[in-house]
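These notes concern the structure reproduced below.
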Amino acid sequence: MALSQRPDSIALQKKWTKKWDEAEIYKYDSRSKAPVFSIDSPPPFTSGALHMGHVLSYSFFDFAARFKRMTGFNVFYPQGWDCQGFPTEVKVEKLQSKDNKDGKESKGAKDGKSGKDDKSGKPKLTRQEFKKKCIEFTLENIDKMKMQMIRMGFSPDWSQEYRTIDPSYHKKVQLSVLQMYEKGLVYRQKHPVLFCIHCQSAIAKAETEDLQRETKLNYINFSVEGAPLSVATTRPELLHACVAVLVNPSDERFKKLVGKKAITPLYNKEVPIISDNEVDQTFGTGVVMVCTFGDKTDVAWMYRHSLPFIEAFDNRGKLLNAEEFTGVKIVEAREKIIEKLKALELVTRQESTQQVVKLHDRCNKPAEFISSVQWFMKLRDWQDKIKRAATEDMQWFPQFSVQYLIDWANFVEYDWVISRQRIYGTPLPFWYCEGCGAIYTPKESELPVDPALHEYNKKKCDCGGQIIGESSVCDCWIDSSITPLVIAGWPDGDYEKLYPATLRPQGLEIIRTWAFYSIYRCLALTGKSPFKEVLINGSVLGTDGKKMSKSLGNFEDPEALLAKFPADSLRQWAALSGALAKDRPFSYKDIEYANSFVTKLWNAANFVDKALEGYKPEKSNKAHNFSITDKWILAELDKTIEVVTRSMHEYDYYAAISAIHSFFRLSFCDYYLEDVKYRIYEEAENKAEAQYCLKTVLGATLKLIAPFAPFISEELFHELGFAKEEKVESIHVSKWPTPTGFEIDEETGKLASLLHDLISQSRKFRSSKQIGLNEPIESLEIGLPEELISNFSDIKLDLSKIARIKTLDVSSKKELTTQFKV
RNA sequence: GGGCUUGUAGUCGAGUGGCUAAGACGUUCGCCUUACACGCGAAAGACCAGGAGUUCGAUUCUCCUCAGGCCCACCA
């Protein structure tokens, strides 16, 4: 049958997606005895549509999945959705405020306590209503993203789909938290959190914006053994919460003071003088006062040096424990306290300085740290175990990327705050007594629970205190850090069949979170590392080499690209641009190049299809009448299969796709097809051998490219009858090609390159004399080294036919010489 | 400031302790040759960032400098 024009890519995509779905070729077979290859693929965050980063990374996972299927693995490739989290809340709030015609935003949803907007007094969504909106928004996004994934030709087993909002998922998350609680790894404690005193809400760092501003740096005298010690601070209003004075251990000026006590001005409190490497000797006087809490460093220092904790102000920003200044607001207190210190002649200097403050992005007021009760998971003592698991139990691709995890593990200073005062998240499965702080947990059979809504809340503790259901939800990494367990079916008994996962593919930027927390939690829950191989990909930059972002105008939308290019081309772009763990600028040229390759493949297949008319396999197999070029192309094919196979095993998709492209384009299309044309058209006696080679090479190439270009390879695999011959439903479940085992001797190799060299020279000659390729050349005299002369007859016919030279004469020369005549 | 990473033709980018350092895009020239003009053929274009060291020999290994990128931290 003759192939027509290259088919429309959308029609192709629809046709094969449907067939693959019906034939369930991507389905994991739990009864199969084949070795399992399981992929713990990232559940994308469902606050929007797919972006180019997804296109790049999910293409990588898909290459792996398709390759492994073809090499005989029982591939387990689920796809999840990471649904809950702050960005979704923000987007839903924005949508809500758009609906409000007066333009006022709903703040009620934010504080996690009340569903009413206490500022405007207007009725707003309740907690439950808001949550419902978030879920609706999420489901819409999942539909959109799933559709895009299908259009990209990604091949997860959709029967294994999971969502982190599903009750079954919540149940597992809560169970995992409870089990870690049983092991003593979860606790409840007072902890500083970022808080907006204007909006009355705890906020995440991600909700803040930096503001560079000018402020006053005040030099204030403390005293040590009666002598003054000058300390520079921008926040004198926190003096009452000063718990220590820090100096750098290598600072000669203060070495003698370390270990002694300093007396704070105004409040006359005795605080220790401690040395710490993080103190900048050149800033201010080189002496820092540590307060609870001026900023994040204060928090770090407080934990590091086990300093006592003084509540500096309440959640309305009014000073606490500050003697005469108690109840005064922060900004006002700053001025009043400086005035008083000046009056006492304790301020020696004031100078302007630049500082960066964190503003709440909704109200543009400075965020403060305040103390609040939070839930924690113990990370201390786990760093070494995590590092050991990552280095001993796992192989990282590329190797250096494990260093990101090690660095992070070394850096962790305090435990993981797992509670968030938000709405859209997995509820923490705990109750606590308001009075004595006793903690109550649900039974496993009660899960999933929302303690905030539970009737248990009406009960009293043994101590007589009221029992309160926790209303905080889990950090979203609590949800996603157990994916290796969830996909394996944990906690059911036979989860170990699929645990640990074979492969964890993920982005470089979330090694510190997703990889780190997954290893930690899975180790804590099972004692076993969660995966064996980690594949790290970088992110896609704009064409200008900068991080892709809508505001920079270097943003590419996959949706728009899919309208212009077939998925097969986009996927090849991913392979072409994706050196592991490296950020790559986006390139239209790569896509266009990939696209032209798809066309090339189609056209070459078209030629082969016609050339195979009347082909009788038995003729070629028995005759062994292979020409030099036949032997050469089969040997080249073998080399390519070897390189591609090795590269695929190593997740080196760049190497794989380049090898395929260059073999097919250069060796096969540019040389071999030209070499055999005369044998096909002129019914040469060794035509069957040429047909055999054409068919073998095309068939193998289709398979090699199948993981990268699943649609076009499938179409051609069926159109040219390979599927029927191999009795398989799809190229994607066919066997990965193995080398034909065709040995090529040195002599044959030399003759093949001599032939191609002479053809090339003839073309140069034509080019210089402006002779068209279809006009014959009268004669060619060739001077050849002795050792090539005897075998020259093997390529003589090919040369005269392919280069269209009427007469060929050969004589013995030291080196190759050519003399063309028109 | 810390960690990682990169610096190869006009552009994007492979690769190697020693033979003429891939390929693509772009450029120039010639071709609609019965698969393909989304094509074919030919050509030009690189002191492999700079400096020092190791070595018989370095673009490749080590160190320094300079310049990018990503992540983290960020000054009281």
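If you read the first sequence in the numbering used here, its first letter stands for residue 548, the second for the next number, and so on. Yeah, the Cβ is synthetic: ideal placement off N, Cα and C, and Gly gets one too. No experiment lies behind these values; they were computed from the predicted model shown.
Requested in this report: Please report the residue range of the beta strand (DSSP E) in which C743 lies.
Outcome: As a working note, residue 743 is residue 196 in the first sequence. Segment V733 to C743, the beta strand (DSSP E) holding C743.
Query raised in the report: Would F1215 be called buried (16 or more neighbouring beta carbons within 10 Å of its own) or exposed?
Result: For the purposes of this step, residue 1215 is taken as residue 668 along the first sequence, with counting starting at 1. Around the C-beta of F1215, 16 or more other C-beta atoms lie within 10 Å, and the residue is accordingly described as buried.
Report task. Please report how far the alpha carbon of V792 lies from the alpha carbon of D908, in whole angstroms. Result -> By one-based count along the first sequence, residue 792 stands at place 245. By one-based count along the first sequence, residue 908 stands at place 361. C-alpha separation (whole angstroms): 32 angstroms.
Report task. Report the rounded CA-to-CA distance for E1261 versus Q1119, giving the unit in angstroms. Result -> What you label residue 1261 is simply residue 714 of the first sequence in a count that begins at 1. What you label residue 1119 is simply residue 572 of the first sequence in a count that begins at 1. The straight-line gap from Cα to Cα measures roughly 15 angstroms.
Report task. Return helix, strand or coil for C1023, following the three-state DSSP convention. Result -> Within the first sequence, numbered from 1, the residue matching residue 1023 stands at position 476. Here C1023 sits in helix by DSSP.
**Report entry** Closest residue to I1058 among P589, V1369 and D1115 (Cα-Cα distance)
**Finding:** On the first sequence, position 511 is the one that residue 1058 refers to. Ranking the options by Cα distance to I1058, first place goes to P589.
Query - Collapsed DSSP secondary structure at G521 in the structure displayed - result: Here the chain covers residues 548 to 1369 and nothing more, so residue 521 does not appear.
Query raised in the report: Which residue's Cα is closest to the Cα of V778: L722, V720 and Q897?
Result: As a first step, residue 778 is located in the first sequence; it is residue number 231 there, counting from the start. Checked all of L722, V720 and Q897; the closest Cα to V778 is Q897.
Query - CB of E784 within 8 angstroms of CB of I877, strictly - result: Here residue 784 corresponds to residue number 237 of the first sequence, with the count starting at 1. Here residue 877 corresponds to residue number 330 of the first sequence, with the count starting at 1. The answer is yes: Cβ separation under 8 angstroms.
Query raised in the report: Near A1223, what residues of its chain come up, given a Cβ to Cβ distance below 6 angstroms and the 5 sequence neighbours on each side ignored?
Result: Position 676 of the first sequence holds residue 1223. One point to set straight first is that residue 1223 is Val, not Ala, in the sequence displayed. Excluding sequence neighbours, V1223 sits near A1237.
**Report entry** Outcome for E968 when other beta-carbon atoms lying within 10 angstroms are tallied against a minimum of 16
**Finding:** One-based indexing of the first sequence puts residue 968 at position 421. Looking at the sequence provided, one finds Gln at residue 968 rather than Glu. Result: buried.
Report task. Assuming P855 contacts V790 (C-beta within less than 8 angstroms), just tell me the rounded distance between them. Result -> Here residue 855 is taken as the residue at index 308 of the first sequence, counted from 1. Here residue 790 is taken as the residue at index 243 of the first sequence, counted from 1. Indeed, because the Cβ distance is near 5 angstroms, the residues count as touching under 8 angstroms.
Query raised in the report: Can you tell me where the alpha helix (DSSP H) with G1089 in it begins and where it stops?
Result: Along the first sequence, one-based indexing puts residue 1089 at 542. From DSSP, G1089 is part of no alpha helix (DSSP H); its letter is neither H nor E.
Report task. Starting from H1208, follow the alpha helix (DSSP H) in both directions and report where the run begins and ends. Result -> Residue mapping note: residue 1208 aligns to position 661 of the first sequence, counting from 1. Element bounds for H1208: Y1200 to S1209.
**Report entry** Cβ contact (3+ pairs, closer than 8 angstroms) linking the segment 716-734 and the segment 1138-1146
**Finding:** Counting C-beta pairs closer than 8 angstroms gives fewer than three between the segment 716-734 and the segment 1138-1146, which falls short of the contact rule.
Query raised in the report: Do you know how far the Cα of E1221 is from the Cα of E1362?
Result: In the first sequence, counting from the first residue as 1, residue 1362 sits at position 815. In the first sequence, counting from the first residue as 1, residue 1221 sits at position 674. For E1362 and E1221, the distance between alpha carbons rounds to 27 angstroms.
Query - Rounded straight-line distance, which links the Cα of E1183 to that of E1333 - result: As a working note, residue 1333 is residue 786 in the first sequence. As a working note, residue 1183 is residue 636 in the first sequence. If I take the Cα positions, the gap works out to 27 angstroms.
Query raised in the report: Near C838, what residues of its chain come up, given a Cβ to Cβ distance below 6 angstroms and the 5 sequence neighbours on each side ignored?
Result: Position 291 of the first sequence holds residue 838. Excluding the 5 residues flanking it on each side, C838 has same chain C-beta neighbours closer than 6 angstroms at L785, A788, C789 and D845, in chain order.
Query raised in the report: For D1026, which option in G627, K883, Y1228 and I586 has the closest C-alpha, if you only look at C-alpha atoms?
Result: The sequence position of residue 1026 within the first sequence is 479, counting from 1. Out of G627, K883, Y1228 and I586, G627 has the C-alpha closest to the C-alpha of D1026.
Requested in this report: Run the CB neighbour count on A558, radius 10 Å, all protein chains shown included, and call it buried at 16 or more, exposed below.
Outcome: Position 11 of the first sequence, counted from the start, is the residue given in the question as residue 558. With fewer than 16 other Cβ atoms within 10 Å, it is exposed.
Report task. For F1269, count neighbouring Cβ atoms within 10 angstroms of its own Cβ and tell me buried if that reaches 16, exposed if not. Result -> As a first step, residue 1269 must be located in the first sequence, where it is residue number 722. Buried: at least 16 other Cβ atoms inside 10 Å.
Report task. Return yes when the Cβ of S585 is within less than 8 angstroms of the Cβ of N1084, no when it is not. Result -> Translated into positions along the first sequence, residue 1084 becomes position 537. Translated into positions along the first sequence, residue 585 becomes position 38. Their beta carbons are not under 8 angstroms apart, which means N1084 does not touch S585 by this criterion.
Query raised in the report: For Q1317, which three-state DSSP category applies?
Result: Position 770 of the first sequence, counted from the start, is the residue given in the question as residue 1317. Coil.
**Report entry** alpha helix (DSSP H) runs contained entirely in the segment 1263-1310, provided each spans 4 or more residues
**Finding:** 1269-1273
Query raised in the report: Would a C-beta distance cut-off of 8 angstroms place I1066 and P1052 closer than the cut-off?
Result: Counting from one through the first sequence, the residue named residue 1066 turns up at place 519. Counting from one through the first sequence, the residue named residue 1052 turns up at place 505. Against a cut-off of 8 angstroms, the Cβ pair of P1052 and I1066 comes out as no contact.
Query raised in the report: Between which two residues does the beta strand (DSSP E) carrying I821 extend?
Result: By 1-based counting over the first sequence, the position of residue 821 is 274. E817 to S822 is the span of the beta strand (DSSP E), which, as asked, contains I821.
Query raised in the report: Who does A1048 pair with in a DSSP beta bridge?
Result: Walking along the first sequence from the start, residue 1048 turns up at place 501. Answer is F1078, bridged to A1048.
Query - Close-in-space but distant-in-sequence residues of the same chain around K561 (CB under 7 angstroms, 5 per side omitted) - result: Translated into positions along the first sequence, residue 561 becomes position 14. So the list is empty, once near-sequence residues are dropped.
Requested in this report: Return the CA-CA distance between F623 and V583, expressed in angstroms with no decimal places.
Outcome: The residue labelled residue 623 in the question sits at position 76 within the first sequence. The residue labelled residue 583 in the question sits at position 36 within the first sequence. Approximately 7 angstroms between the Cα atoms of the pair.
Requested in this report: Taking only runs that begin and end inside the segment 819-907, name each unbroken beta strand (DSSP E) of 3 or more residues, in chain order.
Outcome: 834-838 and 894-907
**Report entry** Inter-residue CB distance, P540 and Q695 (contact presumed, cutoff 8 angstroms)
**Finding:** Nothing about residue 540 can be reported from this structure: the residues present for the chain run from 548 to 1369 only.
Query raised in the report: Alpha carbon to alpha carbon, how far is E886 from G864?
Result: Sequence index remark: in the first sequence, residue 886 carries index 339 (1-based). Sequence index remark: in the first sequence, residue 864 carries index 317 (1-based). Straight-line Cα distance between these residues: approximately 20 angstroms.
Query raised in the report: Hey, E799 and Q901: beta-carbon distance below 8 angstroms or not?
Result: Sequence index remark: in the first sequence, residue 799 carries index 252 (1-based). Sequence index remark: in the first sequence, residue 901 carries index 354 (1-based). No, the pair does not count as a contact, with Cβ atoms beyond the cut-off.
Query raised in the report: For I1207 versus I1259, is the C-beta spacing smaller than 8 angstroms?
Result: Within the first sequence, numbered from 1, the residue matching residue 1207 stands at position 660. Within the first sequence, numbered from 1, the residue matching residue 1259 stands at position 712. For I1207 and I1259, no; Cβs fall outside 8 angstroms.
Query raised in the report: Out of curiosity, what's the CA-to-CA distance linking P703 and L1148?
Result: Translated into positions along the first sequence, residue 703 becomes position 156. Translated into positions along the first sequence, residue 1148 becomes position 601. Taking the straight line joining both Cα atoms gives about 26 angstroms.
Query - Residue environment, R578, which counts as buried when at least 16 other CB atoms sit within 10 Å - result: Translated into positions along the first sequence, residue 578 becomes position 31. Result: exposed.
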